[in-house]
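Trainee: Input: one structure, supplied below.
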Amino acid sequence: ALIALRESQHRIQAMAFIHQKLYQSLNLSSVEMSAYIHELVDYLQHSFDTRLQVTFRLEIQKLSFDLSHALPLALILNEAITNSIKYGFPGGKPGIISITLQQLHPGHFSLVIADNGIGIAPEFNYKDSDTMGMKLIKGLSEDIHGNMEIQNRDGTTIIISFAYDTSALNDMPVHNTAITKEKII
556 ALIALRESQH RIQAMAFIHQ KLYQSLNLSS VEMSAYIHEL VDYLQHSFDT
606 RLQVTFRLEI QKLSFDLSHA LPLALILNEA ITNSIKYGFP GGKPGIISIT
656 LQQLHPGHFS LVIADNGIGI APEFNYKDSD TMGMKLIKGL SEDIHGNMEI
706 QNRDGTTIII SFAYDTSALN DMPVHNTAIT KEKII
């Protein structure tokens, strides 16, 4: 019960950070995702056992999304990072979690969360999974009309591809500069 409560707390905090970023922004209709993702990763790092040797590699383009996309992306990130930390590195094994958010071409974006942990079982079919985390990731991907794919490539890789009309955010253009950060917990 304590684990479920902590996971719920992480979900609530992920949403609270989105609202905090909205209120801190000059543009109350969008969230700059690079700053948000860095803050979420910092929060999750401090929430888990700091004896774990997990390095985060973030390659996040400076992109802004309105709440209809920012909130689902935030919750997807929370679930994927939490699953990687909990299941990807048993016994305190050191590892890497990489997060990439980029514009592939105008109006098309990709969010990739990958770890170099033990990977998923070959027989695991995420489309039929009934775990809470996987249901959330699938449902949230559908909410943004995204395509979700999970691969077992030297660990677990979750890829969310989605379209987004950036013309609605005239005040917050999409920038092609990437912010890269590496952190160890």
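Numbering (this note's numbering), first residue to last: 556 to 740. A virtual CB, placed ideally from N, CA and C, is assigned to each residue, including glycine.
#1: Quick check on the burial criterion: 16 or more other C-beta atoms within 10 angstroms. Buried or exposed for proline 677?
#2: Suppose contacts are defined by Cβ-Cβ distances below 9 Å. Is alanine 718 in contact with glycine 662 by that definition?
#3: With DSSP run on the structure shown, which of helix, strand or coil describes aspartate 698?
#4: Quick one: is leucine 659 buried, meaning 16 or more other Cβ sit within 10 Å of its Cβ, or exposed?
#5: For glutamine 657 and glutamate 704, what's the separation of their Cα atoms in angstroms?
#6: Please determine, among Ile714, Gln706, Leu632, Gly710, the residue with the shortest C-alpha to C-alpha distance to proline 645.
#7: Methionine 588: buried (16+ other C-beta within 10 angstroms of its C-beta) or exposed?
#8: Taking glycine 674 as the reference, give the member of Gly647, Gly643, Val667, Tyr598 with the closest Cα.
#9: Sort out for me which residues DSSP pairs glycine 650 with in a bridge.
#10: Where does phenylalanine 679 land, buried or exposed, given buried means 16+ other C-beta within 10 angstroms?
#11: Under the DSSP definition of a beta bridge, which residues are partnered with glutamine 600?
#12: Would you give the residue range spanned by the beta strand (DSSP E) that isoleucine 713 belongs to?
#13: Rank Gly672, Thr721, Val667 by C-alpha distance to the C-alpha of serine 696 and give the top, closest one.
#14: Give the straight-line distance between the Cα atoms of leucine 618 and histidine 700, rounded to the nearest whole angstrom.
#15: How long is the line joining the alpha carbons of asparagine 671 and asparagine 638, rounded to whole angstroms?
#16: Let me know the secondary structure DSSP gives alanine 676 once reduced to three states.
#17: State yes or no: is the C-beta of alanine 669 within less than 9 Å of the C-beta of isoleucine 652?
#18: On the premise that isoleucine 640 lies in contact with phenylalanine 603, defined as a C-beta separation below 8 Å, what is that separation, rounded to the nearest angstrom?
#19: Going by other Cβ atoms of all chains shown within 10 Å of its Cβ, with 16 needed for buried, is proline 627 buried or exposed?
Mentor: Walking through what the data contain:
#1: As a first step, residue 677 is located in the sequence shown; it is residue number 122 there, counting from the start. Note on proline 677: under 16 other CB atoms within 10 angstroms of its CB, so exposed under the neighbour-count rule.
#2: Locating residue 718 in the sequence shown gives position 163, counting from the first residue. Locating residue 662 in the sequence shown gives position 107, counting from the first residue. Yes; because the gap between Cβ atoms is below 9 Å, this pair is in contact.
#3: Residue mapping note: residue 698 aligns to position 143 of the sequence shown, counting from 1. Aspartate 698: helix per DSSP, three-state reduction.
#4: As a position in the sequence shown, residue 659 is number 104, starting the count at 1. Leucine 659 should be labelled exposed.
#5: Counting from 1 along the sequence shown, the entry for residue 657 is found at position 102. Counting from 1 along the sequence shown, the entry for residue 704 is found at position 149. A straight-line Cα-Cα distance of about 16 Å links glutamine 657 and glutamate 704.
#6: Translated into positions along the sequence shown, residue 645 becomes position 90. When only C-alpha atoms are compared, the closest one is Gly710.
#7: Locating residue 588 in the sequence shown gives position 33, counting from the first residue. By the C-beta density criterion, methionine 588 is buried, having at least 16 other C-beta atoms within 10 angstroms.
#8: Residue mapping note: residue 674 aligns to position 119 of the sequence shown, counting from 1. Here the closest residue by C-alpha is Gly643.
#9: One-based indexing of the sequence shown puts residue 650 at position 95. As a beta-bridge residue in DSSP terms, glycine 650 pairs with Val609.
#10: For this step, residue 679 is matched to residue 124 along the sequence shown. With a 10 Å radius around the Cβ and a threshold of 16 neighbouring Cβ atoms, phenylalanine 679 comes out exposed.
#11: Here residue 600 refers to the residue found at position 45 when the sequence shown is read from its first residue. Residue pairing by DSSP places glutamine 600 opposite no residue, since no beta bridge is assigned to it.
#12: Position 158 of the sequence shown, counted from the start, is the residue given in the question as residue 713. Counting along the chain, the beta strand (DSSP E) containing isoleucine 713 begins and ends at 711–718.
#13: Sequence index remark: in the sequence shown, residue 696 carries index 141 (1-based). Per the Cα distances, Val667.
#14: As a working mapping, residue 618 is identified with position 63 in the sequence shown. As a working mapping, residue 700 is identified with position 145 in the sequence shown. Rounded to the nearest angstrom, the gap between the Cα atoms of leucine 618 and histidine 700 is 18 Å.
#15: Mapped onto the sequence shown, residue 671 falls at position 116. Mapped onto the sequence shown, residue 638 falls at position 83. Inter-residue distance for asparagine 671 and asparagine 638 is about 13 Å (C-alpha atoms, whole angstroms).
#16: Mapped onto the sequence shown, residue 676 falls at position 121. Collapsing the DSSP output to three states places alanine 676 in coil.
#17: Taking the sequence shown and counting its residues from 1, the one referred to as residue 669 is at position 114. Taking the sequence shown and counting its residues from 1, the one referred to as residue 652 is at position 97. Using a Cβ distance threshold of 9 Å, alanine 669 and isoleucine 652 count as a contacting pair.
#18: The residue labelled residue 603 in the question sits at position 48 within the sequence shown. The residue labelled residue 640 in the question sits at position 85 within the sequence shown. About 5 Å; that satisfies the 8 Å criterion.
#19: Taking the sequence shown and counting its residues from 1, the one referred to as residue 627 is at position 72. Buried, by the Cβ-count rule.
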